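Novice: Going by full-length UniProt numbering, the sequence shown opens with residue 69, and the numbers climb by one from there.
Positions of the beta carbon are idealized from the N, C-alpha and C atoms, including for glycine.
Just so you know, these numbers come straight off a predicted model, no measurement behind them.
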Amino acid sequence: PQPIFRADYKPPAYLIDTVHLTFSLNEDVTHVTSRLALKPNYAENGAAPPLLLNGRDDVKLVGLKVAGQAVPESGYEVTPKSLTLLSPPAGPFELEVVTAIKPQDNSLLEGLYKSGGNYCTQCEAEGFRGITYFLDRPDVMARYTTRIEADAGKYPVLLSNGNLKEEGQLEGSRHYAVWEDPFPKPCYLFALVAGALVKKEDTYTTGSGKTVTLRIYTQPANISQVDFAMVSLKKSMKWDEDVYGLEYDLDLFNIVAVDDFNMGAMENKSLNIFNSRLVLADPDSSTDGDYARIEGVVGHEYFHNWTGNRVTCRDWFQLTLKEGLTVFRDQGFSADMNSAPVKRIEDVALLRASQFSEDAGPMAHPIRPDSYIKMDNFYTVTVYEKGSEIIRLYHTLLGPQGFRKGMDLYFQRHDGQAVTCDDFLAAMADANGEDLSGVGRWYSQAGTPTLTVSTAYDAAKKSFTISTHQVTPPTNGQPDKLPVLIPLKVGLLGPDGQDLPLHLEGKGDLGASTVLRCDAEHNSFTFTDVAVEPVPSLLRGFSAPVKLVVQGQTDDHLRLMFAHDSDPFNRWEAGQRLYMKLLLQLYGAAAGAASSVPLADCCAAAGGVPGELVAAFRAVLEDGKLDGSFKAMAMRLPSMAEIVDRIDEADPVLVWQVRHYVYQQLAQQLRPQLEAAIKANDVPPGTPYEFNAQQCARRVLRNMSESILGSLESPEIQEQLLRRFREATNMTDRMAALTVLCDTDTPGREQALQEFYAANKDKPLVLLKWLAVQASCALPGNIAKVRALMGHPAFTITTPNCCYSLFLGFARSVNFHAADGSGYEFIGDSVIKMDKINHQVASRIAGAFTTFKQYDKERQAMMVAQLRRIAAVEGLSENVFEIVTKSLQ
Ligand code: DPP
Ligand code: ZN
C-alpha cells in the first residue's frame, strides 16, 4: 500500500453537477444505477483526460453508458479499486454507471450494509466507492436525487437526504421513494436507510419562524428511549442560533439509530445515522455519562450541518477543519448545558490521557496530517481533541466576539465550498485585523510542546517577571520544530490566595487574568505594581495544549491554589500536580526496591501519603461551597496513562499498584469523611431519576467516595456495595457499584455479575457495559474470563460496540500488561481475527500496541513481537498495515 501526500493535492479534472441514484434493494443482489452530469474542470481548450472513478473490489460493474450509449469494453478499464473511462467526450456529458453489490455480506460496515435486518450506509471517509464508481473526494460537490426501491413489507421506511419528492407502490410487493437534496454535497455525506423502523416526531421553530420537522427512527422495541436525544437535538438547534446565529436550512431533520456502526455517529445531510448507544437512553439502562455523551454527540452531529456540510473540507488532510471546529462547538454546548468548569476538566483529562501519548508515539501526526495510507486511521484524538484545542486558541486570543466575527466571515466567504484550514485561519485573521500566523504552525507540527516557566520577584521595584521557554520534541518525520504561538493565561495570587490586580508594563489595568502571547523560544513579561511576592497561576483554563513545567513551584504554592485559585481549572490542576508528584515519588521508591519488599512497605518507607495531602483532600471533600461534580474530579488521581507519560520505560503494573496504594491510604485515613459524603449525597428515596446538574453531582460524588472506599476490600464494604448494587434505582449507581465489585475477588462479584446479566439479557446496549466491566477488571488472571466471553451470547463479533467493549476495554486494563505477555497475545489474536471481518475495528484494536515505547524493555519486546506477528499476516488490510508498519519503523 502506498501513502497519499497532502502536498500532491490537485483539483479534480472533472466536477459533477447532479447525481441521480436508483437503488434496487434485494436480498441477493442490489443494483445501483448512477447517472452523473459531469463537466470538465481541466484547462480550457485542453484535451479531455481519462476519467478515473474510485471503486472497491466487492463492487461489480454491470453497465456503463456515455450520453445514453453503452461504452465498448475497449473504452474503459476496471481494477479492484477503480474504473477509468479512457476517452471521455469534450465538454459536459452524462455518464451512467450500473453496479451490483451485496450489502448483506458487507461486514466492513463501510458503504451500504445491513444492520439488524435493515439497510443503512456509512460513507465517510471513503465508503461511497463501495456503492458505485465515483469521484470519491470531498471537493466534488453535487446535488443528489435518490430513488429507493424495496420490498414494502420488509422495508416500509425508505429514507435519504433532503426532501421527499415522491413515493408509491410498484409491481408485486415492492414500493419506492424519491428524495431530493437541494444542497450540493460531497458523497461522504450521502445516506440511505431502508427498514422496518418506527419514529418519534417533534418540531422545532427556528428564530426566523420556520418550522422544522424532527424525526428519530429506531427499531420498534427501542422507540421509548429517544426522548432525551430529541430534547438534546432541540437544545442544539437553539444553541447554534443563540451563540453562532446559525439556523437549520431544511424542513426535515432525521436521526436513525443502528446497532452496527463503526463510529459514534454520522452527520449525513439531514439524515444523521447514529450508533444506537448514542441515541437510546433511559434511567434504567443509561448512566449519567451516557446521557452526557448523547447530548454532546447529538449536538456535534447537528453542528456539522454548518461546520462540515455547508462548508466542507477540500481534501481529507483538512479533516480537523470540520472536526476540531465541531468538537470545539460541542464542548461549548455541553459546557453551557451543564457545568462549564467540570466539562473543561474532563476534556483536558481526556486529552492528556490519550492525545498526549498518541503525540509521543509512532503514529504522532499534526492535526492536519501530511500523509496517510488509509484515511480512516486519522479519525484520531489528535485531529479531534487537539484540533479543538487549536480552535480554542483563536477563541482565547480573539475573545468570544472576535471569534464570532471570524466565524461569520468564514461562512460569508465559504458557504457551499470545500476549503482548507488555511482558509479558516485567514477568515479569523481578516475579520479581526490580526496576524495569526503563529497559530498556523500548530497545524503542521506534531508533538506536544513543553512550556517551561520561571519567575522572579523584584521586591524593590515591586515587579514580577515571567519568563517562558518552549520546545516541541521531535516526532516521526519531523526532527526539528519551530516555536508555536502559545496563549498563556495567567493570574497572580496573593498570600491569602486571592487574585492580585494585574498591571503589565505599558498595558494599564488588566483585571484578574490576562493572556500572554508566547511566540518565541524565549519570551518574558514583567508585571508592575505587584505589592507582595505572588504565587503565579499559569495556563489558566488550560489555555494551550502544552506540558507546563513551573520552576520553583512548591507544594505550598500548589496547596494554596488547590484551596483558593479563582480559576476552577487551575484549582483542580493544583490537586493533580500534588497527586502526580506523590505518585512519581512512590513509584520511584517502589521501582528501586528489591522485588521481595512488599509494595506497601516501599511506599511507607518513602513517606507514604503525607498528612498535608490527606488534609488538602479532606478540605475539598468537606468544602460546603464546592460543586459535587467538581469535588469528584478533584478527588480523582491522575489516570494510568497520564502517570505512564511521566515515566521513562514505565512498569505499568507497578504504576497501577502505586495508584491503588494511594487510594487505599486515602480510604483508610478518611473513611469517616467518605462515608459521610456517601450518606449526605444519597438521593432521597422516591426521587425519580433526572439527568440534571444537581442530581448528577450527588451521584458522582457519592459513587466516587464509594469507589475509593472500595479499594479497602473489606468484607463489610463489599457487602455494602452489593447492597447498593441491588438497591440502585438507576444505571448510574448500579454500574458504579458493579465496577468496584468487579475488581474484588469476592463471592459478591460473581453474584452481582449474574444478577446484572439476568436482568438485562435482552438489552444489547446494557450488555455492552457488562462486557466492558469484566474486560477492564484488574483481578490477576482475568484474561481467561475475557477470552471465554468471546463465546458468550452477549458478544457478537460483527458488532463493533461489542469489540470496543471487550477488546478495547481489556486493552485499557492492567491485565493487558500481564508480565507473561498473555494480554498482548490476546489482543494480537483479536486484531488478526477482526481484520478478516472489519478493517476499521481491527485497526483501532491494533492501536493498543502503538504506545509500546512508553513501557519497560521486556514489555516493549513483547508488544513489538505482536506487531511483527500481525505484520506477517497475509492479506492484511491497509488499515492495520499502516498502524503496524508505522509502529515498527
Ligand atoms: N461522524 C464522525 C463525526 O462526526 C465523522 N464525521 O465526527
Ligand atoms: Zn464530527
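Could you say which of 94, 84 and 559 lies nearest to residue 981 if we only look at CA atoms?
Specialist: In the structure as shown, the chain begins at 69 and stops at 957. Residue 981 is therefore absent and cannot be evaluated.
Novice: Could you say which of 784, 746 and 785 lies nearest to residue 766 if we only look at CA atoms?
Specialist: What you label residue 766 is simply residue 698 of the sequence shown in a count that begins at 1. Here the closest residue by C-alpha is 746.
Novice: Looking at C-alpha atoms only, which residue of 351, 271 and 352 is the closest neighbour of residue 316?
Specialist: Taking the sequence shown and counting its residues from 1, the one referred to as residue 316 is at position 248. Out of 351, 271 and 352, 271 has the C-alpha closest to the C-alpha of residue 316.
Novice: Report the three-state DSSP secondary structure of residue 614 (helix, strand or coil).
Specialist: The residue you call residue 614 lines up with position 546 of the sequence shown. Note: residue 614 maps to coil in three-state DSSP.
Novice: Of all the alpha helix (DSSP H) runs that stay within the bounds of the region 408-466, which reach a length of 4 or more residues?
Specialist: For the region 408-466, whole alpha helix (DSSP H) runs of length 4 or above, ordered along the chain, are 408-418 and 424-428.
Novice: Going straight from the alpha carbon of residue 159 to that of residue 710, what length do you get?
Specialist: By one-based count along the sequence shown, residue 159 stands at place 91. By one-based count along the sequence shown, residue 710 stands at place 642. Roughly 58 Å between the two C-alpha positions.
Novice: Taking the alpha-carbon of residue 569 as reference, which of 531, 536, 421 and 591 has the nearest alpha-carbon?
Specialist: The residue labelled residue 569 in the question sits at position 501 within the sequence shown. Nearest of 531, 536, 421 and 591 to residue 569, Cα basis: 531.
Novice: Over the uninterrupted alpha helix (DSSP H) stretch that includes residue 916, give me the two end residues.
Specialist: To locate residue 916, count along the sequence shown from 1; it is residue 848. Here residue 916 belongs to no alpha helix (DSSP H), and DSSP marks it neither H nor E.
Novice: Just to check, is the beta-carbon of residue 192 closer than 8 Å to a non-hydrogen atom of the ligand DPP?
Specialist: As a position in the sequence shown, residue 192 is number 124, starting the count at 1. Under cutoff, so the answer is yes.
Novice: Does the ligand DPP have a heavy atom nearer than 8 Å to the CB of residue 394?
Specialist: Start at 1 with the first residue of the sequence shown, and residue 394 comes out as number 326. Result yes, Cβ under 8 Å from the ligand DPP.
Novice: Kindly give me the distance between the Cβ atoms of residue 899 and residue 874, rounded to whole angstroms, as I take these residues to be in contact under 8 Å.
Specialist: Here residue 899 corresponds to residue number 831 of the sequence shown, with the count starting at 1. Here residue 874 corresponds to residue number 806 of the sequence shown, with the count starting at 1. Not a contact, Cβ separation roughly 13 Å.
Novice: If I measure Cβ to Cβ from residue 77 and keep anything under 8 Å in the same chain, skipping five residues before and after, which residues do I get?
Specialist: Here residue 77 corresponds to residue number 9 of the sequence shown, with the count starting at 1. The answer, listed in chain order, is 382, 383 and 385.
Novice: Would you say residue 285 touches the ligand NAP, meaning its beta carbon is less than 8 Å from a heavy atom?
Specialist: The ligand NAP is absent from the structure shown, which contains only the ligand DPP and the ligand ZN.
Novice: Given the structure, does residue 390 come close to the ligand ZN, in the sense that its CB is under 8 Å from one of the ligand's heavy atoms?
Specialist: Translated into positions along the sequence shown, residue 390 becomes position 322. Answer for residue 390: yes, Cβ within range of the ligand ZN.
Novice: Given this structure, state the Cα-to-Cα distance separating residue 427 from residue 433, to the nearest angstrom.
Specialist: Here residue 427 is taken as the residue at index 359 of the sequence shown, counted from 1. Here residue 433 is taken as the residue at index 365 of the sequence shown, counted from 1. Their Cα atoms are separated by approximately 7 Å.
Novice: Residues in the same chain with beta-carbon distance under 7 Å from residue 905, minus the five sequence neighbours each way, listed in chain order, please.
Specialist: The residue labelled residue 905 in the question sits at position 837 within the sequence shown. Closer than 7 Å at the Cβ level, and outside the excluded window around residue 905, lie 175, 865 and 866.
Novice: Check whether the Cβ atoms of residue 189 and residue 102 lie closer than 9 Å to each other.
Specialist: Working through the sequence shown from its first residue, we reach residue 189 at position 121. Working through the sequence shown from its first residue, we reach residue 102 at position 34. Not in contact: residue 189 and residue 102 (Cβ atoms no closer than 9 Å).
Novice: Whole beta strand (DSSP E) runs in the region 466-553 with 3 or more residues, listed along the chain?
Specialist: Correct list: 518-526 and 531-539.
Novice: Cβ of residue 620 versus every heavy atom of the ligand ZN: is any distance shorter than 8 Å?
Specialist: Translated into the one-based positions of the sequence shown, residue 620 becomes position 552. It does not: the Cβ of residue 620 is nowhere closer than 8 Å to a heavy atom of the ligand ZN.
Novice: Could you tell me the distance, in whole angstroms, from the CA atom of residue 464 to the CA atom of residue 216?
Specialist: Residue 464 sits at position 396 when you count from the first residue of the sequence shown. Residue 216 sits at position 148 when you count from the first residue of the sequence shown. If I take the Cα positions, the gap works out to 48 Å.
Novice: Less than 7 Å between C-beta atoms, sequence neighbours within five positions excluded: which residues of the same chain meet that for residue 769?
Specialist: In the sequence shown, the residue the question calls residue 769 occupies position 701. Here the set comprises 696, 699, 700, 745 and 749.
Novice: Going by other Cβ atoms of all chains shown within 10 Å of its Cβ, with 16 needed for buried, is residue 545 buried or exposed?
Specialist: Walking along the sequence shown from the start, residue 545 turns up at place 477. The residue is exposed, with fewer than 16 neighbouring Cβ atoms inside 10 Å.
Novice: Look up residue 281 in the DSSP assignment and give the residues it is bridged to.
Specialist: Walking along the sequence shown from the start, residue 281 turns up at place 213. For residue 281, which the question treats as bridged, DSSP gives the partners 271 and 320.
Novice: Would residue 262 and residue 333 qualify as a contact pair, given that the criterion is a beta-carbon distance under 9 Å?
Specialist: Working through the sequence shown from its first residue, we reach residue 262 at position 194. Working through the sequence shown from its first residue, we reach residue 333 at position 265. Going by C-beta atoms, residue 262 is not nearer than 9 Å to residue 333.
Novice: Grab me the residues of residue 525's own chain with a C-beta within less than 6 Å of its C-beta, minus the 5 sequence neighbours each way, in chain order.
Specialist: As a working mapping, residue 525 is identified with position 457 in the sequence shown. Around residue 525: 532 and 601.
Novice: With the cut-off set at 9 Å, would you say residue 515 and residue 497 are in Cβ contact?
Specialist: As a first step, residue 515 is located in the sequence shown; it is residue number 447 there, counting from the start. As a first step, residue 497 is located in the sequence shown; it is residue number 429 there, counting from the start. No; because the gap between Cβ atoms is not below 9 Å, this pair is not in contact.
Novice: Considering only the beta carbon of each residue, do residue 841 and residue 353 sit closer than 9 Å?
Specialist: Against the sequence shown, residue 841 aligns to sequence position 773. Against the sequence shown, residue 353 aligns to sequence position 285. Cβ distance not < 9 Å, so residue 841 and residue 353 don't count as in contact.
Novice: Is the region 591-599 touching the region 618-637, taking contact as three or more C-beta pairs under 8 Å?
Specialist: Contact fails: fewer than three Cβ-Cβ distances are below 8 Å.
Novice: Spatial neighbours of residue 725 within its chain, please: C-beta separation below 8 Å, excluding the five flanking residues on both sides.
Specialist: One-based indexing of the sequence shown puts residue 725 at position 657. Excluding sequence neighbours, residue 725 sits near 658 and 667.
Novice: In chain order, what residues of the same chain have a beta carbon less than 7 Å from the beta carbon of residue 120, not counting five sequence neighbours either side?
Specialist: Position 52 of the sequence shown, counted from the first residue, corresponds to residue 120. For residue 120, where only same-chain residues beyond five positions count, the Cβ hits under 7 Å are 150 and 152.
Novice: Confirm the yes/no value for this check: CB of residue 376, any heavy atom of the ligand ZN, distance under 8 Å.
Specialist: Counting from one through the sequence shown, the residue named residue 376 turns up at place 308. Yes, the beta carbon of residue 376 sits closer than 8 Å to at least one heavy atom of the ligand ZN.
Novice: With distances taken from CA atoms, which of 327, 511, 338 and 505 is nearest residue 345?
Specialist: Locating residue 345 in the sequence shown gives position 277, counting from the first residue. Of the candidates 327, 511, 338 and 505, the one whose C-alpha sits nearest the C-alpha of residue 345 is 327.
Novice: Ordered along the chain, which non-local residues of its own chain (more than five positions away) have a Cβ less than 6 Å from that of residue 808?
Specialist: Residue numbering aside, residue 808 sits at position 740 when the sequence shown is read from its first letter. Here the set comprises 775, 778 and 789.
Novice: Using C-beta distances below 7 Å, list every residue in its chain close to residue 793, excluding the 5 sequence neighbours before and after it, in chain order.
Specialist: Residue mapping note: residue 793 aligns to position 725 of the sequence shown, counting from 1. For residue 793, where only same-chain residues beyond five positions count, the Cβ hits under 7 Å are 802, 805, 806, 809 and 820.
Novice: So residue 236 and residue 223 are supposed to be a Cβ contact under 8 Å. How far apart are they, rounded?
Specialist: Your numbering for residue 236 matches position 168 in the sequence shown. Your numbering for residue 223 matches position 155 in the sequence shown. Wrong, their Cβ atoms sit about 15 Å apart, outside the cutoff.
Novice: Would you say residue 556 and residue 642 are within 9 Å of each other, going by their C-beta atoms?
Specialist: Walking along the sequence shown from the start, residue 556 turns up at place 488. Walking along the sequence shown from the start, residue 642 turns up at place 574. The answer is no: Cβ separation not under 9 Å.
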